[in-house]
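Residue numbering for the sequence shown is 384 to 774, as defined by this note's numbering. Structure record follows, encoded as structure tokens.
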Amino acid sequence: MHIKKRAVAATSVAAAMAMALSACGGLSTSSTGSGGSGGSGTSVGSGGPWPTVKVGGVGVQADIPDISKFCGTKPIKVGYADGNNNNTWRKATIALFKAQAAKCKNITQVVVTDAQNNTQKAISDINSMVAQGVKVIVTFGDAGQALLPTIQKATAAGVAVVPIVSSIGGTPGKDYVDFVSENVETYGKNLADWTVKAMHGKGNLIMLGGVAGSAYSQTVYEGVKKAVAEHPDVHLLNADGYVATDWDVSKTQQVVAGLITKYGKIDGIVSDFGGGSVGGIRAFIAANKPLPVWSANDSNEFASLWYQYHKQYPSYQIATESSRNWVVEAALNKGLAAYNGITDTEPSTYNLEIIEDSTNPKMMPKYDKSLPADAILSSGLTTEQIRALYK
384 MHIKKRAVAA
394 TSVAAAMAMA
404 LSACGGLSTS
414 STGSGGSGGS
424 GTSVGSGGPW
434 PTVKVGGVGV
444 QADIPDISKF
454 CGTKPIKVGY
464 ADGNNNNTWR
474 KATIALFKAQ
484 AAKCKNITQV
494 VVTDAQNNTQ
504 KAISDINSMV
514 AQGVKVIVTF
524 GDAGQALLPT
534 IQKATAAGVA
544 VVPIVSSIGG
554 TPGKDYVDFV
564 SENVETYGKN
574 LADWTVKAMH
584 GKGNLIMLGG
594 VAGSAYSQTV
604 YEGVKKAVAE
614 HPDVHLLNAD
624 GYVATDWDVS
634 KTQQVVAGLI
644 TKYGKIDGIV
654 SDFGGGSVGG
664 IRAFIAANKP
674 LPVWSANDSN
684 EFASLWYQYH
694 KQYPSYQIAT
704 ESSRNWVVEA
714 ALNKGLAAYN
724 GITDTEPSTY
734 NLEIIEDSTN
744 PKMMPKYDKS
754 LPADAILSSG
764 LTTEQIRALY
774 K
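So, in structure tokens, the structure goes:
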């Protein structure tokens, strides 16, 4: 299989147009029975352009079936259109996408693009894929609703598009095949619930998000607000929205250093990127300030730093949920099933739970000394694939 990565532009303009994920069907909280291809939920055959793919089901990672069921036999090009490939989460997700595509012998080419957080380039990247004859496109749409008209045109041209994690608005099953993500608001609330408990129900809390205008981070923030509302002695310092870090380690360190200067006392932090959180931890160390309770998604270094510093700062505890790079597996399955006319009933939305908890002896943070600091152990990649990613 030939892997092709297009050259990227040098410009970078922050995308401000985004729609909250709750506007899309991806935030259903209904339950789904387990099984190899998902359980109950919205029925297949809704009359949209991709009638063989179920939209709106809820489940867990184990409900994602093997890609071999959906490969088909026709030669096909697939693509991954990333909104901003600027961190290890994005790189791991692309690596997993390629690894999954390699399991289908009829996939002749994988096209990968990086919009560099530039809305116009994100639009151009998708148009270019369509022009190249790519028939299945999975996209992390950082540009949000600004991408919808372009994706609607791709759908009209017979291209099966599946956005992941960050909503682009519109209607799944009509404007594109489906939207695949974790239950984002619940993810934020779960992390905040744990954080508030570890703070003993009082103190100052901050939520760190990604790029400005991110639909994903905004929805995590809504979950955090719900948790905080249940505890009057907890003060959400960033009451007007999440603190933007661009999901970048260096930027996070700079931002957190500023927050320490501004607020002085910070007792807890919820972050939607564990890999970036290590920059924030470094900011506290550099300022010689006690490390707060911290929750995020998992990262090798995020876990190792707890082992390094928790004895020095006894109140410093951490918890994580899965970084869920593996949602790209479900997205590629759905895209292939749609294009090939194969029935696919796996979930659209995935429920996550706490997987590491330094306050629970049975769920202690995990890290692998043999892997790079920013490796993501829950990504879905094998240890060998993770090592290959960092060569």
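Note that beta-carbon positions come from the ideal geometry of N, C-alpha and C, so glycine has one too.
Option nearest residue i by Cα separation, candidates the options
i, options, result
"V611", "G586, I664, V548, A771", "G586"
"A557", "E565, A484, S564, P546", "The identity of residue 557 in the sequence shown is Lys, whereas the question assumes Ala. The residue with the shortest Cα to Cα distance from K557 is P546."
"V563", "E712, K752, L764, E767", "E712"
"P555", "T538, E565, E568", "T538"
"W689", "K745, K749, K608", "K749"
"V494", "L764, I520, T476, C487", "I520"
"S753", "I769, G584, Y625, K452", "I769"
"Y699", "A714, K672, D508, S706", "K672"
"G431", "A526, E684, Q535", "Q535"
"P434", "I664, T728, S550, E684", "T728"
"S705", "Y696, Q695, I759, V653", "I759"
"R473", "K745, Q601, S549, T533", "S549"
"Y599", "Y625, L619, P615", "Y625"
"N635", "A771, G663, D497", "Going by the sequence as given, residue 635 is Thr instead of Asn. Out of A771, G663, D497, G663 has the C-alpha closest to the C-alpha of T635."
"G516", "A498, I477, V461", "V461"
"T602", "G647, P755, G659, G527", "G527"
"Y559", "L574, G541, T569", "G541"
"E605", "G584, S633, I668, L574", "L574"
"V661", "M747, F685, T491, F480", "F685"
"V443", "A670, Y733, H693", "Y733"
"V567", "K452, G584, N680, A670", "N680"
"L588", "V632, D631, P532, Y646", "Y646"
"F480", "A756, A714, L735", "A714"
"K437", "L530, K774, S731", "S731"
"A500", "T491, H614, A529", "Checking the displayed sequence, the identity of residue 500 turns out to be Asn instead of Ala. Nearest of T491, H614, A529 to N500, Cα basis: A529."
"S757", "F656, T496, N510, V513", "For the sequence presented, residue 757 should be read as Asp rather than Ser. Closest by alpha carbon: F656."
"L642", "A445, T703, A670", "A670"
"P744", "R707, A702, T569", "A702"
"K630", "Q492, G592, M746", "For the sequence presented, residue 630 should be read as Trp rather than Lys. Ranking Q492, G592, M746 by Cα distance to W630 puts G592 first."
"N683", "G571, D751, N708, A475", "D751"
Residues that residue i bridges to, as DSSP identifies them
i, result
"G552", "In DSSP, G552 forms no bridge with anything."
"F523", "D465"
"E613", "E613 pairs with nothing; no bridge assigned."
"K460", "Q492"
"H618", "N587"
"I547", "V563"
"I652", "I589, W677"
"A627", "G592"
"V342", "No statement about residue 342 is possible, as the shown extent of the chain runs from 384 to 774 and does not include it."
"G442", "Y733"
"D497", "D465"
"V436", "D727"
Nearest-angstrom Cβ-Cβ length linking residue i and residue j, presumed shorter than 8 Å
i, j, result
"K717", "D561", "5 Å"
"V617", "M582", "7 Å"
"M590", "V607", "5 Å"
"V594", "A627", "6 Å"
"A498", "D449", "The pair is not a contact, with the Cβ atoms about 30 Å apart (cut-off 8 Å)."
"G659", "V632", "5 Å"
"D525", "S597", "7 Å"
What residue ranges within the region 679 to 759 form continuous alpha helix (DSSP H) runs of no fewer than 4 residues, ordered along the chain?
683 to 692, 710 to 723
Below 8 Å, can you find three or more Cβ-Cβ pairs linking the region 462 to 474 to the region 763 to 771?
no
Using a Cβ distance threshold of 8 Å, determine whether the region 521 to 530 contacts the region 484 to 494, with at least three qualifying pairs required.
no
Segment contact, 8 Å Cβ cut-off, at least three pairs: the region 454 to 468 with the region 719 to 728:
yes
Would the region 497 to 515 and the region 737 to 744 be scored as touching if the rule is three or more Cβ pairs under 8 Å?
no
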